[in-house]
DNA sequence: TATAATGTTTGAAC
DNA sequence: AGTTCAAACATTAT
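In the numbering used here, the protein residues as written are 258 to 504.
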């Protein structure tokens, strides 16, 4: 799950702020009992990480490829990774289930919620991102997937942003001219926002994908190349004619 | 039906 | 001792 998906979950869960956990279960190996009796103080996210912050302890949730959550509606015949039962204003309890997520308890005092690196954040620092691109010798495809630089970008956003900015995925990061790099950063933010808006409306993402899982270039109609690019070896779709290679 | 994939962490192997 | 890489996780769309 990429940044926009996590952002949406954060928004969907924030109404639980102020409620208390009174029951925990699930097959997660974390020390779940630490969450018992705790008040949910805030729900936050940085890139692909979701944080449920309680007094004295925080739960970090990563959804990976197949992670999901449900409220009051467990998957039949599946043991959740974690169930948190909240009491909400003394009304009916709210059951929050997590499936196939990677969970960790962290000390809230050591929590780094710096979102200047999060492409969906108002605090995203484009100049800092530009400096990172200009000083990195890796292939741009890998740099875009680096969560320390572009938190929230996943393989889909990477593919689309590179196409929108007309940059070949195997370009050497530092060799990309400033104006092109700036545009690439803008397109990464732009597409992440489009992604989020579509998710919010429940629309299929497929409709807005220009290259990911597609066969032909929407600009010149030539056949798209597919390659497992960079160290990350992630599937990358691109147009050799329209996307320029900087070496 | 088999395959591949919106991703990270871990630990073995080199 | 630093790096590289496969495995594990276990679901869902094609």
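We put the beta carbon where it would ideally sit given N, CA and C, even for glycine.
This one's a predicted model, so the numbers in the text were calculated from it and none came from an experiment.
Residue 494 bridges to which residues according to DSSP? 483
Apart from the five residues just before and just after residue 444, which ones in its own chain have a Cβ nearer than 7 Å to its Cβ? 418, 421, 422
Once you ignore the five residues that flank residue 392 on each side, which residues in its own chain have a CB closer than 7 Å to its CB? 431
So, helix, strand or coil for residue 455, using DSSP? helix
So if DSSP puts residue 501 in a beta bridge, which residue, or which two residues, is it bridged to? 424
In terms of residues, what are the limits of the alpha helix (DSSP H) holding residue 383? 383-391
Mind checking residue 340: buried by the 16 CB within 10 Å criterion, or exposed? buried
For a quick check, are the C-beta atoms of residue 429 and residue 394 less than 9 Å apart? yes
Output needed for residue 280: all residues of its chain with C-beta closer than 7 Å, excluding positions within five of it in sequence on either side, in chain order. 342
Determine contact between the stretch 446-457 and the stretch 485-502, defined as no fewer than three beta-carbon pairs at a distance below 8 Å. no
Which first and last residues belong to the alpha helix (DSSP H) in which residue 264 is found? 260-270
I need the straight-line Cα distance from residue 319 to residue 305, nearest angstrom please. 7 Å
Rounded separation between residue 297 and residue 377 - CA only: 24 Å
Hey, would you say residue 410 sits closer than 9 Å to residue 262, going by beta carbons? no
Taking the CB atoms as reference points, tell me whether residue 473 and residue 426 lie closer together than 9 Å. no
Please tell me whether residue 374 and residue 406 are closer than 9 Å, where the distance is taken between their beta carbons. yes
Tell whether a beta-carbon distance below 9 Å holds between residue 301 and residue 267. yes
Going by DSSP, name the residue or residues bridged to residue 315. 310, 363
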